[in-house]
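Asks:
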Amino acid sequence: MNTTIQQLTKHVSVRSFEDVPLDQKQKKDLLAAARSGSSSHFVQAYSILEISDTKLRSELAEITNSAPYVKQTGVFYIFLADLYRQATLLEAQGESLAGIQSMESLMVGIVDATIAAQNMVVAAESMNLGICYIGGIRNHLAKVAELLDLPRFTVPVFGLTIGYPIVKNEPKPRLPLENQVAENKYPREQFAAMQDYEQQTATYYAQRGLNPQQTSWSEKNVHFFKEVRRPETGTFLAKQGFLLQ
Ligand SMILES: Cc1cc2nc3c(=O)[nH]c(=O)nc-3n(C[C@H](O)[C@H](O)[C@H](O)COP(=O)(O)O)c2cc1C
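For the sequence shown, the residue numbers in full-length UniProt numbering are 1 to 245.
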């Protein structure tokens with residue numbers, strides 16, 4: 001394993017940061033990494049907002065259920081899927097916006113934003129910084145859009161908090177290879193046979209240093225998916241101009 005792969009396999013989300021802002025050089029490097037990612041058809045359908053205003057950061061933090069590590073961190077970015085630029089281009093030329101409004105274009109924007117963010121994550125971890133994605137900004141998309149003054153065809157996908165870690169958990173055991181990787185055809189039984197992973201994750205959660213729990217991956221997933229989460233997401237996306245078809 002080379003050093004890059006070693007770093008990737010050591011990834012853990014960090015939820016406790018020193019109260020030390022990153023400097024301009026660090027942020028410049030992180031943004032250079034983020035902005036170098038691949039982009040579907042080179043549309044670059046994403047934008048990044050640094051939330052430097054303390055009051056705004058606090059307001060956003062309260063929405064996320066992750067307030068302590070959104071407020072006290074080195075930097076907090078929000079990643080947007082963003083087709084606003086393309087919409088203005090098309091409108092200026094009197095073209096229809098149907099190609100922007102499609103589910104496919106929304107997916108392109110979400111994928112582009114995610115690739116940029118993960119590039120930033122890898123860069124941050126290579127600088128010995130800690131990170132945590134903050135999907136919690138989607139707890140109240142309409143409020144986030146209002147706070148950030150977002151135009152149509154923009155969608156907050158997640159936040160990313162980055163800073164100097166105070167504490168770190170051990171890496172979480174990933175799905176066993178045979179439950180996730182196969183050749184050519186989808187092996188239904190193999191991918192859904194969770195017994196080994198059940199054991200492994202029960203042990204991990206019981207024995208981890210921070211926040212030990214009596215649970216397992218399956219139990220957490222049943223709990224997570226048994227209800228429709230954030231049911232207003234579709235309404236928000238439609239309000240932003242997407243047709244969801
Ligand atoms: C898109 C996305 C959104 C996430 N949102 C949150 C969040 O709002 N709050 C939080 O504490 N962790 C959040 N996480 C972190 C996950 O809980 C974490 O990645 C997962 O438990 C695996 O743990 P690890 O990153 O330490 O390996 C998010 C992760 C992703 C990829």
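Cβ atoms here follow ideal geometry from the backbone N, Cα and C, with glycine treated the same way.
Between the Cα of K168 and those of K10, W217, N2, spot the shortest distance and give me the residue it belongs to.
Replies: Nearest option by C-alpha distance: K10.
Asks: Nearest-angstrom Cα distance between S126 and Q7?
Replies: 7 Å
Asks: Is Y69 near G163, with beta carbons less than 9 Å apart?
Replies: A contact, by the Cβ cut-off of 9 Å.
Asks: Which residues does DSSP list as the beta-bridge partners of G94?
Replies: Per DSSP, none; premise fails for G94.
Asks: Taking one C-beta from the segment 147 to 161 and one from the segment 196 to 208 each time, how about it: are there three or more such pairs within less than 8 Å?
Replies: Here the segment 147 to 161 makes no contact with the segment 196 to 208; the two share fewer than three CB pairs at distances below 8 Å.
Asks: Please report the straight-line C-alpha distance between I48 and I78, rounded to a whole angstrom.
Replies: 6 Å
Asks: Would you tell me roughly how many angstroms separate the C-alpha atoms of V121 and I131, rounded to the nearest one?
Replies: 7 Å
Asks: Closest to L106 by C-alpha separation, out of T154, K220, A92, L147, would be which residue?
Replies: T154
Asks: Whole angstroms are fine: how far does the CA of M194 sit from the CA of S66?
Replies: 30 Å
Asks: In whole angstroms, what is the alpha-carbon distance linking Y197 and K185?
Replies: 22 Å
Asks: Within 10 angstroms of its Cβ, does V20 collect 16 or more other Cβ (buried), or is it exposed?
Replies: exposed
Asks: Assess, as a yes-or-no matter, whether the segment 134 to 148 is touched by the segment 234 to 245 under the definition of 3 or more beta carbon pairs within less than 8 Å.
Replies: Yes, since at least three Cβ pairs between the segment 234 to 245 and the segment 134 to 148 fall closer than 8 Å, the two stretches touch.
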